[in-house]
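Chains as they are written, first to last, in my numbering: chain A, 5 to 225; chain Z, 7 to 235.
Note that beta-carbon positions come from the ideal geometry of N, C-alpha and C, so glycine has one too.
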Amino acid sequence: MNKFLSCTEAVEMIPDGASIMIGGFMGVGSPHRMIAEMVRQGRKDLTIIANDTGTPGFGIGQLVAAKRIRKLIASHIGLNPETQRQVIAGEMDAELCPQGTLAERIRAGGFGLGGVLTPTGLGTVVAEGKQVIDIDGKKFLLEKPLTADFALIAAHRSDYRGNLEYSLTARNFNVVMATACRTVIAEPEHIVPTGVIPPDAVATPFICVHHIVGRAVINGR
Amino acid sequence: MDDKVLIARRVACELKDGNLVNLGIGLPTMVPRYLPPGIEVYFQSENGIIGMAAVPGAGMEEPSLTDAGGGFVGAIPGAASIDSCLSFGLIRGGHLDLTILGGLEVDEQGCLANWMVPGKMLPGMGGAMDLVTGAKRVIVAMSHTAKGKPKILRRCTLPLTSVRRVNLIVTEMAVIEPTEKGLLLREIAPGLSIESVVAATEATLIVSSHVPEMAFGPDAMLTEPQRQS
């Protein structure tokens, strides 16, 4: 099965108002070509689930600058003052979630769990409206799963099937997000013949990846 | 000595050989420059690396190797890259020996607030809530006051990062240990009086009959800043 398509075709699958998980951490390991293409195609009213919103104009910051995000679920927007401005001004709805809790909520969504129990956030505003559960005398907060229509993830290499390998700190949320969405689109830096990535090095198995964005420019052509 | 350098140098003395340490954004990232000689520690960065180091030289930056602030870093031989679930599993699961974080406020109960100022500043908690909840030791490294106003208060006015009591507060004026009984003044900065520290602190400090001057360890003050290796 050929999963390859162009960046334009990939983004054309995403409707306005879609919920989208976007991999990356401060733009490192983010699918930059698909983000730019969403801006170019005028995609709007998006619900974005991501660790952060990059910096102004970089990474998810491009969607922020173009005011395409209606709702944001993220852990840190401190390095993007424009996101903070839009949230404080009421132009964007934001749910801030502790980073480890965000990762586990996505994992719960992808792994068929009804939620996760975490001590993080107990006694803080994060716990407001959430159930506290006692397990053998210790208190935990019940955090519910997250899923989305699309996961847009970046990888170092993909083989022809869509097995993905990551590089250093560009791994981050990509691995877990690839399990939690109805349609997963990978944007690899390099495409290699199947078998080049050894089984032990595959961090996201091909069955999680539905589409692969091909290279934009190949050897100058 | 510059205030931030003083804080970083004092905090560096708290690092023990073999520790796995996470550093918050800002001042805490200065701490590795002042590690006492002979101490080997491992730096974890929550974006997904154990064994973070400085970029070894100009031109050796790698776009896929950064710290949690997005700044370029290097890695020690034997470093490991991990995904966000494992990174926070280690943090929350008590595998991290120490986290060093900045602070906006700390109160008499030793609770930290460092992630938002309602209506004004909304950086988000990032990894701070998990770090303060799960690390074996939490050190707050911050300025003692902000625009002349105390940051060490009876009760935090800002939303808390965690209800866990932090282990140590290091400022340019003092080293303070939150305890069950309250905030214990452990050390004061060179040249300061106890009265001046008390005056700059809203919370009640427990002051013993002898409060020693801030200790920097035998060699730390003498060595040139060293890059992480």
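Which one of the options has the shortest CA to CA distance from residue i?
i       : options                            : result
I82(Z)  : Y48(Z), A74(Z), S70(Z)             : Y48(Z)
I73(A)  : I64(A), A40(A), H80(A)             : I64(A)
Q66(A)  : H80(A), S79(A), I77(A), R47(A)     : R47(A)
E99(A)  : D56(A), M181(A), A207(A)           : D56(A)
L156(A) : M96(A), C212(A), D163(A)           : C212(A)
G75(Z)  : A141(Z), G133(Z), S214(Z)          : G133(Z)
C162(Z) : V112(Z), R15(Z), G95(Z)            : V112(Z)
R161(A) : F29(A), I18(A), G33(A)             : G33(A)
G154(Z) : T207(Z), G65(Z), A18(Z)            : T207(Z)
L33(Z)  : S70(Z), L71(Z), A86(Z), L110(Z)    : L110(Z)
S214(Z) : A221(Z), F222(Z), V204(Z)          : V204(Z)
L189(Z) : E178(Z), M179(Z), A209(Z), A119(Z) : A209(Z)
A64(Z)  : K142(Z), V79(Z), I200(Z)           : V79(Z)
A112(A) : I81(A), A152(A), R89(A), V130(A)   : A152(A)
F8(A)   : N223(A), I216(A), G82(A), I24(A)   : I216(A)
G61(A)  : V129(A), E147(A), E86(A), T183(A)  : E86(A)
A182(A) : I53(A), M96(A), M17(A), V43(A)     : I53(A)
G99(Z)  : G116(A), L121(A), C101(A), A78(A)  : L121(A)
Quick one: list the residues of chain Z neighbouring residue i, beta-carbon separation under 7 Å, in chain order.
i       : result
I137(A) : In chain order: nothing, as chain Z lies at least about 16 Å away.
V91(A)  : L128
T124(A) : R98, M135, D136, T139
Do residue j and residue i count as a contact pair if the criterion is CB distance below 7 Å?
i       : j       : result
R186(A) : P149(A) : no
I106(Z) : I145(Z) : yes
D73(Z)  : S90(Z)  : no
T167(Z) : T124(A) : no
T198(A) : Y170(A) : no
T51(A)  : K75(A)  : yes
A14(A)  : I189(A) : yes
V180(A) : A69(A)  : no
V17(Z)  : V176(Z) : yes
I137(A) : N167(A) : no
M122(Z) : P156(Z) : no
G58(A)  : G21(A)  : no
E191(A) : A158(A) : yes
D136(Z) : G104(A) : yes
L231(A) : K142(A) : Limits of chain A in this structure are 5 at one end and 225 at the other, which puts residue 231(A) out of reach.
Residues of chain Z with a CB under 9 Å from the CB of residue i: which are they?
i       : result
A78(A)  : G130
F29(A)  : E52, N53, G54, T72, A74, G76, S90
N223(A) : Correct list: empty, because the minimum Cβ distance to chain Z is about 21 Å.
Whose Cβ in chain A lies nearer than 8 Å to the Cβ of residue i?
i       : result
D113(Z) : Those within 8 Å of D113(Z) in chain A number zero; the least Cβ separation is about 13 Å.
Please name the residue or residues paired with residue i in a DSSP beta bridge.
i       : result
P156(Z) : T151(Z)
D9(Z)   : For D9(Z), which the question treats as bridged, DSSP gives no partner whatsoever.
I139(A) : K142(A)
T51(A)  : S23(A), K75(A)
A119(Z) : E111(Z)
I212(Z) : L190(Z)
L26(Z)  : Y48(Z)
E147(A) : V120(A)
E219(Z) : I194(Z)
Going along chain A, which residues have a C-beta under 7 Å from residue i?
i       : result
S168(Z) : T128
E52(Z)  : Q103
Which residues in chain A sit within 9 Å of residue i, going by Cβ to Cβ distance?
i       : result
S149(Z) : What S149(Z) touches in chain A: nothing, since even the nearest Cβ is about 18 Å away.
Does the ligand GDP have even one heavy atom less than 6 Å from the beta-carbon of residue i?
i       : result
V204(Z) : Absence of the ligand GDP is noted for the structure shown, with no ligands found whatsoever.
So with CB distances below 8 Å, who are the chain Z contacts of residue i?
i       : result
N167(A) : Chain Z residues near N167(A): none, gap ~16 Å exceeds 8 Å.
V32(A)  : N53, P69, S70, T72, G76
Practice task
May I have a chain-ordered list of the beta strand (DSSP E) segments no shorter than 3 residues that lie completely inside the segment 160 to 185 of chain Z?
Solution key: 174 to 176, 180 to 185
Practice task
Give, in chain order, every unbroken run of the beta strand (DSSP E) that is at least 3 residues long and sits entirely within the segment 29 to 105 of chain Z.
Solution key: 48 to 51, 55 to 59, 80 to 87
Practice task
Would you list, in sequence order, the uninterrupted alpha helix (DSSP H) runs of no fewer than 4 residues that lie entirely inside the segment 77 to 126 of chain A?
Solution key: 85 to 92, 103 to 115
Problem - Completely contained alpha helix (DSSP H) runs for the segment 150 to 191 of chain A, where each covers 4 or more residues - result: 178 to 181
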